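All remarks here apply to the structure that follows.
Number of protein chains: 2
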Amino acid sequence: MTRVLVVDDEPQIVRALVINLKARKYEVDAAHDGATALQLAAARHPDVVVLDLGLPDMDGVEVIKGLRGWTRVPILVLSARHSSDEKVEALDAGADDYVTKPFGMDELLARLRAAVRRAEPVGGDEADVIVETDDFTVDLAAKKVNRGGKDVRLTPTEWHLLEVLVRNTGRLVGQKQLLQEVWGPSYGTETNYLRVYMAQLRRKLEGDPSRPRHFITEAGMGYRFEK
Amino acid sequence: MTRVLVVDDEPQIVRALVINLKARKYEVDAAHDGATALQLAAARHPDVVVLDLGLPDMDGVEVIKGLRGWTRVPILVLSARHSSDEKVEALDAGADDYVTKPFGMDELLARLRAAVRRAEPVGGDEADVIVETDDFTVDLAAKKVNRGGKDVRLTPTEWHLLEVLVRNTGRLVGQKQLLQEVWGPSYGTETNYLRVYMAQLRRKLEGDPSRPRHFITEAGMGYRFEK
DNA sequence: CACGGGCATCAGGGTTCCGTCAAGGACGGC
DNA sequence: GCCGTCCTTGACGGAACCCTGATGCCCGTG
């Protein structure tokens, strides 16, 4: 299911968007200011962001830059300003599209679909989404892990961490990068989180958790996932 | 250089676009009908297409579908029609953006930059830089060293030192430079560090550590890495 | 031939980093 | 409002890592 983050300080607009999006089977989060938006984006990793530029706490362009610091999620800007400069500034800051209020719901939804569509991974390669090891199988598309014929139950954070590691199979992922991708851009030094959750993953997935074969520690640098 | 394909049947619009784009160092091709557009797209592989929907020979949406059959090149639609249905149809056919005439050149160029930007390959660090020698292989992206089919474990300092040397393959790297890049700018005279860690690297990577072939000492000056 | 500078090697000790456990708190479902 | 799940945080023992000093070798110089 596609996850949308709606950011607007006008309740009636948020309501209209939420209703329309939910009716079309989108999963919707909403924020009414920039700080909440950045926080929610980090926590929920939406597939697309609909962002009103006129927010009470900060400039909308700052929100765009804050997002672009760590993610390429499509950003669809909503604004009452028609001025060309505003549009150029927002687009160059990293927005993907710019719609002026008042807008037609049909058009907005079509632009949303376009933004989501082109963010989809390139090939229709189903094969690449499944990663197998001797001990377990990870299905990135279905968000499932299977071990010995049974599905393994992972918490959201555990899954997220696993996902980042698996998407970088064989490559070393630095602890700072892991923290930022899983916990959000404001993290980077809380390495104890990594220790705790890496232990959980090993306990659930490794054949012998005390002698990990797949989740490998590189002391002082980060972790590495090996098939 | 970014290559743009402009498709429009109105000469003055094409001219305005071509002038503005060339002034900004884009490489520009132009077509005045759909058939030519499809042909040029196939022959020239543009990085982005600016497409007017009102063409003399075929429906603009057909051009979009024709392109989408084989390429994900960003398509920026230009149209005099303001109707919502038109926009939705074009976007759902595979267009990336929809601008209504008359349009501001600044805005169009900003949308063009946005379309090109998000089509860029993910992460500039994907370039798997691999350096091979007779004895071992270094993968700078994955931070991995392989020797005789087995991965070699390096400590952070060892890896850092190796990285600096490998990035300067064949060149002499001064001791001061090595110390500053690996240990920080306040170091420069602690050459004993270098001796210790160079010995570690040789022991782990050289075929005959006592007679190094790849990590070569230049007495009094520094070290050099040779393939 | 004696000497000294620069380098290689080795092993010890202090420090940082990691794995593990357990407790407390936030959140949502029933 | 209770209960279970999940996330956060702190503490501690042990392992990995980094620095340091000592020793011996090579080589050019006096």
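Taken in order, these protein sequences are the chains called Z and L.
Counting in the working numbering, the first sequence runs from 1 upward without gaps.
Counting in the working numbering, the second sequence runs from 1001 upward without gaps.
Idealized CB from N, CA, C, for every residue including glycine.
Keep in mind that this is a model prediction, so the values were computed, not measured.
Contacts of Z/E235 in chain L (Cβ-Cβ under 7 Å): Chain Z is shown only over 1 to 227; residue 235 of chain Z falls outside these bounds and no answer can be derived.
Residues bridged to Z/L172 (per DSSP): Z/R224
Residue-chain proximity (L/D1096, chain Z), Cβ-Cβ < 8 Å: yes
Members of the region 1142-1173 of chain L near chain Z, C-beta cut-off 9 Å: A1142, K1143, K1144, D1151, R1153, L1154, T1155, P1156, T1157, W1159
The alpha helix (DSSP H) enclosing L/S1084, as first and last residue numbers: 1084-1093
Members of the region 197-213 of chain Z that neighbour chain L once the beta carbon cut-off is set at 9 Å: none
Z/A37 versus L/Y1193: straight-line alpha-carbon distance, rounded: 48 Å
Partners in chain Z for L/G1104, counting only beta-carbon separations shorter than 7 Å: S84
Rounded C-alpha distance that separates L/R1224 from L/K1143: Linking L/R1224 to L/K1143 through their CA atoms gives a straight-line distance of about 20 Å.
DSSP state of Z/E126 mapped onto helix, strand, coil: Note on Z/E126: pLDDT 47, under 50, position unreliable in the model; no value is reported.
Extent of the continuous alpha helix (DSSP H) to which L/L1040 belongs: 1034-1044
Contact set for L/A1080: own chain, Cβ-Cβ below 6 Å, skip 5 residues either direction: These residues qualify, in order along the chain: K1101.
Beta bridge counterpart(s) of L/E1163 as assigned by DSSP: According to DSSP, L/E1163 bridges with nothing at all.
Chain-ordered chain L contacts of Z/A110 [CB-CB under 7 Å]: Chain L residues near Z/A110: K1087, V1088, L1091, D1092.
N-terminal and C-terminal residue of the alpha helix (DSSP H) that L/E1062 is part of: 1060-1068
Minimum Cβ-Cβ distance from L/D1009 to chain Z less than 8 Å: Closer than 8 Å: no.
Rounded Cβ spacing between L/A1115 and Z/K87 (contact assumed at less than 8 Å): That pair is no contact at about 14 Å.
Anticipated Cβ contact below 8 Å, Z/L140 with Z/E163, distance rounded: Between Z/E163 and Z/L140 the Cβ distance is about 7 Å, and since that is below 8 Å, they are a contact.
For Z/R113 and L/D1096, believed in contact at Cβ under 8 Å, the rounded distance: Actually they are not in contact, since the Cβ atoms of L/D1096 and Z/R113 sit about 11 Å apart, beyond 8 Å.
Cβ of Z/R81 within 8 Å of any chain L Cβ: no
Assigned secondary structure, Z/E190 (DSSP; H/G/I helix, E/B strand, else coil): coil
Neighbour flag for L/A1023 against chain Z, beta carbons, 8 Å: At a cut-off of 8 Å between beta-carbon atoms, L/A1023 makes no contact with chain Z.
Residue of L/E1120, L/V1073, L/G1188, L/V1007 minimising C-alpha distance to L/K1176: L/G1188
Residues bridged to Z/A30 (per DSSP): According to the DSSP secondary-structure assignment, Z/A30 is paired through a beta bridge with Z/V6.
Outcome for L/I1019 when other beta-carbon atoms lying within 10 angstroms are tallied against a minimum of 16: exposed
Rounded C-alpha distance that separates Z/S186 from L/G1207: CA-CA distance, Z/S186 to L/G1207, rounds to 45 Å.
Assigned exposure category for L/I1064 - 16 Cβ within 10 Å defines buried: Buried: at least 16 other Cβ atoms inside 10 Å.
The region 212-219 of chain Z touching the region 68-82 of chain Z, judged by at least three CB pairs closer than 8 Å: no
Beta-bridge partners of L/D1151, as assigned by DSSP: According to DSSP, which records beta bridges pairwise, L/D1151 is partnered with L/N1146.
Chain Z contact for L/G1124 (CB, 8 Å cutoff): Residue placement at L/G1124 is flagged as unreliable, the pLDDT there being 44, under the threshold of 50; a coordinate-derived value is accordingly withheld.
Z/T137 (DSSP reduced to helix, strand or coil): Looking at Z/T137 - three-state DSSP - the assignment turns out to be strand.
Length of the line joining the Cα atoms of L/R1153 and L/L1161: Cα to Cα, L/R1153 sits roughly 14 Å from L/L1161.
Same chain, Cβ closer than 6 Å to Z/L205, neighbours up to 5 away in sequence not counted: F136
Bridge partners - Z/F215, DSSP secondary structure assignment: Z/F225
Cβ-based burial, L/H1214 [other Cβ within 10 Å; buried from 16]: buried
Rounded Cβ spacing between Z/E190 and Z/L179 (contact assumed at less than 8 Å): 6 Å
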